[in-house]
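Let me begin by presenting the structure, written as structure tokens, before commenting on it.
2 protein chains.
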Amino acid sequence: MAGGIGSRFWPLSTPEYPKQFIDILGCGRTLIQLTVDRFKGICPMSNFWIVTNAAYVEIVRQQLPDIPVDHILAEPAARNTAPCIAWACWRIKQQSPNANVVVTPADAVVMNPEEFRRVINNALNFTASHNSIVTIGIKPSRPETGYGYIKVNAAGQAEGEIHPVEAFKEKPNLDTAQQYLTDGGYLWNAGIFVWNVDTITSAIHTYKPNLANDMEQMKTPADVQTIFPQCEKISIDYAVMEPSAAEGKVFTHPADFGWSDLGNWASLHDKLDHDQNNNGAVGNVRMYECNNCVVHAEDAKKVVLQGLDGYIVSEKGGQILVCRRSEEQRIKEFSQE
Amino acid sequence: MAGGIGSRFWPLSTPEYPKQFIDILGCGRTLIQLTVDRFKGICPMSNFWIVTNAAYVEIVRQQLPDIPVDHILAEPAARNTAPCIAWACWRIKQQSPNANVVVTPADAVVMNPEEFRRVINNALNFTASHNSIVTIGIKPSRPETGYGYIKVNAAGQAEGEIHPVEAFKEKPNLDTAQQYLTDGGYLWNAGIFVWNVDTITSAIHTYKPNLANDMEQMKTPADVQTIFPQCEKISIDYAVMEPSAAEGKVFTHPADFGWSDLGNWASLHDKLDHDQNNNGAVGNVRMYECNNCVVHAEDAKKVVLQGLDGYIVSEKGGQILVCRRSEEQRIKEFSQE
């Protein structure tokens, strides 16, 4: 899933060139390239499918030249994750009716890809023999209010590391998040799902028959243009996960592989290497008397910063932001004014 | 005189593209263009002479296309102002033995060009009939320690607004500058000189005979390459002004036309229009909760600044500086590390 258009990292990330296509960690690979790299040994390039906005198809082709061009599905309109996932799974099912599928966002990071592969292989082995949905549950390290949570069914029967899910929980307030952390039976919902393609298409038939019907009708590129934009705009969580979990059909694999959705500058700062003054920087950046800054200057030839404490500095394509870290929720507003 | 290579405005100004060639006020004209514009009605384009470093000749031609190409004198090496001025004056004397000449730096600003023209015309009328040097003396508005001062000879005979000079004074410390201001008989030395070409060439023959001899020898471009770099590296102030003043041959025209040498960011901030929070900005700049900042973003498409108090923000050609105004004396060091 590579359709995101977030502006939280403006000007680094823009609607024309969003976060998944940026080398946000300064490691030489963009987030979508890192996401594909992560599946090395699990999935050959010929088996990847990318769903993205039509505007980003060319960027995907440039960044992932080894993925078959007809596996890049261009959404004519953004309809949230349920139609996105349904489209890819219907297409996969046409080619491989028994495929086991991993669904993943293209814009998250995983600091331990080896552990990631171990967990994904476990989940794929499970779905190969179970008509069940597996969602990867990240072991929480802090009372994060920016993620949804998965409540493990403590009374349920585990199979190896894979546990039944009792319920999905919306993003909590801080008190509730703290309670989840203390309780111990809650995991972060990373939006990474593993299933047999028959399982998910059947679930969509059951819980969202109109969406399933839309998918059955979508046979030609012209069909996509007319039908896809009419699909119900709904997340896979609401459309499938919650009703499936209520019937005890969803499992989770708890995992700890250094995952982050990089949803804000604080999480990027967290993932970057820090100098002795707790600054994290990507680019040709020199800092004097700076502390606690997070800097990403992708295109600048040289950046010199002096006397900044707790600031975001971001540059791309001739646009520049300097902003207190405490004000980062206003960046989208700044980008639009 | 357009040979400056200052780095105090880095990255706005660089050795490759120094301050005189920058639209530092954001008015659509560079400092050298504004300097030429200022002489409208006094001096036709065919009578301008520019002395600059060989590296900047192409920039001068681009920015001042109406000045005769053979009036752009390319210094093969920087030798301070005495050889620079001598070269131009010897060349002018060849063409016009009785020319009255104004010498001016190319990188200062004058906020009231009409008053500037009135003063310059007064001085030119004076030198047309007096074998004397006139230096323009700026009425000081503060105890500035960054300029040299001119001490007026209070006992001397003035002719209209033009007074004899008693002495030139080096850049003072703050106490002395304050004393000059209180005393009232001191003016800033703006480095703007008016003289008959015969006066200055004679003075150089008298006080710097070796330099005069070098100029007499410099007949061909090849001569320039070999002789000019060997000229004594000395300012016109030391070479001519001080010994001439000691003999009572220098006059000054006190003036108040909004002059600044824009020698630092504080003086640029002073000359820019300010918003209600005392920010001065050039470029497509949006500021939120910013105070007392000076911003020059010449090439950036968009700059957003939040929560900065008393900072310099400068951008050009993909180089970016953010620095406390109190630390501006370190900018040259920053640019070189």
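Chains A and B supply the protein sequences, listed in that same order. Here our numbering is used: the first residue of the first sequence is 1, the next is one more, and so on. Here our numbering is used: the first residue of the second sequence is 1001, the next is one more, and so on. Backbone N, C-alpha and C define an ideal beta-carbon position, used for all residues, glycine too.
Do the region 1007-1019 of chain B and the region 1087-1094 of chain B make contact, defined as three or more Cβ pairs closer than 8 Å?
no
Short check: CB of Ala1266(B) to CB of Gly1283(B), under 8 Å?
no
If you pair each beta-carbon of the region 1114-1130 of chain B with each one of the region 1035-1053 of chain B, do three or more pairs fall below 8 Å?
yes
Gln217(A) versus Asp223(A) - alpha carbon distance
7 Å
Does the beta carbon of Gly1137(B) sit closer than 8 Å to a beta carbon anywhere in chain A?
no
The alpha helix (DSSP H) spanning Arg91(A) covers which residue range?
Thr81 to Gln95
Is it buried or exposed for Gly307(A), if we count other Cβ within 10 angstroms and need 16 for buried?
buried
Chain B contact residues for Leu305(A), given Cβ-Cβ distances below 7 Å:
Val1322
Determine the closest residue to Asn1189(B) out of Asp1023(B), Tyr1149(B), Phe1334(B) and Arg1330(B), with distance taken between C-alpha atoms.
Tyr1149(B)
7 Å Cβ shell around Asn1080(B) - same chain, five flanking residues per side excluded
Lys1233, Ile1234 and Ser1235
In the structure shown, what three-state DSSP assignment does Glu1298(B) receive?
coil
Kindly provide the ranges of any alpha helix (DSSP H) runs that are 4 or more residues long and lie completely inside the region 1243-1276 of chain B, ordered along the chain.
1265-1271
Using DSSP with H/G/I as helix, E/B as strand and the rest coil, what is Pro1229(B)?
helix
For Val1294(B), is the classification buried or exposed, using 16 other Cβ atoms within 10 angstroms of its Cβ as the cut-off for buried?
buried
Going along the chain, which residues of its own chain have a beta-carbon closer than 7 Å to the beta-carbon of Asn1264(B), five neighbours each way excluded?
Arg1008 and Glu1328
Pull up the distance between the alpha-carbon of Ala1281(B) and that of Thr135(A), whole angstroms please.
51 Å
Using a 10 Å radius around the Cβ and a threshold of 16 neighbouring Cβ atoms, would you call His1296(B) buried or exposed?
buried
Would you say Glu315(A) reaches chain B, if we count a Cβ-Cβ gap shorter than 8 Å as a contact?
yes
Can you pull the chain B neighbours of Gln319(A), defined as C-beta to C-beta under 9 Å?
Ala1300, Lys1301, Lys1302, Val1303 and Val1304
Here's the rule: buried if 16 or more other CB atoms are within 10 angstroms of the residue's CB, otherwise exposed. What is Met1111(B)?
exposed
Distance, Cα to Cα, Ala99(A) vs Thr176(A)?
38 Å
List, in chain order, every chain D residue whose beta-carbon is nearer than 7 Å to that of Glu16(A).
The chain inventory of the structure shown lacks chain D, comprising the protein chains A and B.
Coil, strand or helix - Gln1217(B) by DSSP:
helix
Where does Val1062(B) land, buried or exposed, given buried means 16+ other C-beta within 10 angstroms?
Checking the sequence, you will find Gln at residue 1062(B) rather than Val. Looking at its Cβ environment, which holds fewer than 16 other Cβ atoms inside 10 Å, Gln1062(B) is exposed.
Cα-Cα, which of Asp1309(B), Asp1261(B) and His1253(B) is closest to Arg1325(B)?
Asp1309(B)
Short of 7 Å in beta carbon distance, which residues of its chain neighbour Tyr1147(B), apart from the five on each side in sequence? Order them along the chain.
Lys1171, Trp1188 and Asn1189
What's the C-alpha gap between Leu31(A) and Gln319(A)?
21 Å
Stretch pair the region 1180-1199 of chain B + the region 1047-1063 of chain B: three plus CB contacts closer than 8 Å
no
Looking only at its chain, what residues have a beta carbon closer than 7 Å to the beta carbon of Gly1156(B), apart from the 5 residues adjacent to it on each side?
His1163 and Pro1164
In chain order, which continuous runs of the alpha helix (DSSP H) of length 4 or greater are located wholly inside the region 139-196 of chain A?
174-183
Measuring alpha carbon to alpha carbon, tell me which residue in Phe48(A), Gly160(A) and Val60(A) is nearest Pro18(A).
Val60(A)
Closer than 8 Å at the beta carbon, the chain A residues around Glu1115(B)
Simply none; closest approach about 38 Å.
I need the DSSP call for Met1045(B), collapsed to helix, strand or coil.
helix
Taking DSSP as the reference, what is the three-state secondary structure of Arg38(A)?
coil
Using the beta-carbon count (16 or more within 10 Å), is Pro1097(B) buried or exposed?
exposed
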